[in-house]
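Shown next, in structure tokens, is the structure this report addresses.
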Amino acid sequence: MPELPVYEIYAVKYAHLFRHSPENFIGGDEHDVPMPLDYFVWAIKGQDRSFILDTGFSPEMGAKRKRQHLRSPAVGLKAIGIEPDQVQDVIISHMHYDHSGNHDLFPNAHYHLQDREMAYCTGRCMGHANLRGAFEAEDVVAMVRRIFTGRTQFHDGEGQVAPGITVHRVGGHTSGLQITRVMTRRGWMVLASDAAHFYANFQQSRPFPVVANVVEMLEGYRTMYALAAAPDAIIPGHDPLVMKQYPAAAPGLEDLVVRLDADPKSV
């Protein structure tokens, strides 16, 4: 078997939301302490090409959703040498507004998503206000347009985006949510996206309250542990601790871009 390529992984922070811990767990949290969300896109850099996981949301969407939009994800990507218009592959973990916006940011990319996610966000489930609340119709329409111009690749369960990069449907948060496994200098790492918003969600098996299927969410935690080379090789989707546990990609990029395949700090 040929040796798999090894990638670098970066988290690019572009937005922020202040909230309290009871909002982040089913059943709340008795401590009721500040527990904000950071918003990221992730860059997977190989020797010859780069891949992007999720696309974030625009300033206009931040204003609509009352989120603090700090900067375009393009700022952080360019800071680590990635030009958005040169990106050929974008992985969409799921179709919520904060993961599938910025429709024109990657004009030449093909988009990878799960069959079940596209069926979920265009089918009968969107007839329920509780389920469609985190989706934006224009994001879904933009993806439909990409289908009709040949810019999508669908996966059914487990799929390979490139050697050393695989996607795995776990569902839970949405019906077709997929996690991304990447070969790095630390071995296999798992980018959870919203399969786990915080470390506490999967480390303590305490599900996030925005959920389509609680059983799938809990089983998804087990899947992440099984796919990762080590427990600390799982990266949650919104936890500000990520910015504290990993070093800046370069001097001056603190609180903007951190390198996830570096050894984590003790915090």
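Numbered per full-length UniProt numbering, the sequence shown spans residues 1 to 267. Glycine residues also receive a C-beta, built at the ideal position from the N, C-alpha and C atoms.
In the segment 70-131, which residue ranges form an unbroken alpha helix (DSSP H) of at least 4 residues, counting only runs that do not cross its ends?
-> For the alpha helix (DSSP H) assignment, the uninterrupted runs of no fewer than 4 residues enclosed by the segment 70-131 are, from N- to C-terminal side, 73-79, 97-100 and 115-122.
Does DSSP put Y246 in a helix, a strand or coil?
-> Here Y246 carries a coil assignment [DSSP, helix/strand/coil].
Apart from the five residues just before and just after Q114, which ones in its own chain have a Cβ nearer than 6 Å to its Cβ?
-> Contacts found: H155, R169, G176 and Q178.
Report yes if the C-beta distance between I9 and T223 is below 8 Å; otherwise report no.
-> Not in contact: I9 and T223 (Cβ atoms no closer than 8 Å).
Of the listed residues G76, G27 and A109, nearest to I91 (C-alpha basis) | I91 has its Cα closest to that of A109, out of G76, G27 and A109.
For G159, does the three-state DSSP call read helix, strand or coil?
-> Three-state DSSP puts G159 in a strand.
Is G187 helix, strand or coil by DSSP?
-> If DSSP states are grouped into helix, strand and coil, G187 belongs with the strands.
CA nearest to the CA of R132, picked from Y111, P59, H96 and P107 | Considering only Y111, P59, H96 and P107, the residue with the shortest C-alpha distance to R132 is H96.
Go ahead and label K13 buried or exposed: buried means 16 or more other beta carbons lie within 10 angstroms of its beta carbon, across all protein chains shown.
-> K13 counts as buried, since no fewer than 16 other beta carbons sit within 10 angstroms of its beta carbon.
Have a look at the DSSP bridge pairing and note the partners of G193.
-> Just to set this straight, residue 193 is Ser in the shown sequence, not Gly. Beta-bridge pairing links S193 to P236.
Which residues bound the alpha helix (DSSP H) around K64?
-> Boundaries of the alpha helix (DSSP H) around K64: P59 to R65.
Beta-bridge partners of D38, as assigned by DSSP = When beta bridges are read from the DSSP output, D38 appears opposite H16.
Can you list, in chain order, the residues of its chain whose CB lies under 6 Å from that of A217, leaving out five sequence neighbours each side?
-> A small fix is needed here, since residue 217 is Met in this sequence, not Ala. Excluding positions up to five away in sequence, the list reads G172, P207 and V211.
Nearest to E158 (by Cα), restricted to the options R151, T152 and T166 | The residue from R151, T152 and T166 with its alpha-carbon nearest to that of E158 is T166.
Residues sharing a beta bridge with Q68, DSSP | Note: Q68 sits in a beta bridge opposite H16.
What residues in its chain sit with their C-beta under 7 Å from that of P163, if we drop five residues either side in the sequence?
-> Listed in chain order, the non-local C-beta contacts of P163 below 7 Å within the same chain comprise L4 and P5, local neighbours out to five positions each way being set aside.
Helix, strand or coil for E219, going by three-state DSSP, please let me know.
-> Annotated three-state conformation of E219 is helix, per DSSP.
List the endpoints of the continuous alpha helix (DSSP H) containing R146.
-> Where R146 is concerned, the enclosing alpha helix (DSSP H) starts and stops at A137 to F148.
Between the segment 23-33 and the segment 189-206, are three or more C-beta pairs nearer than 8 Å?
-> Touching, yes.
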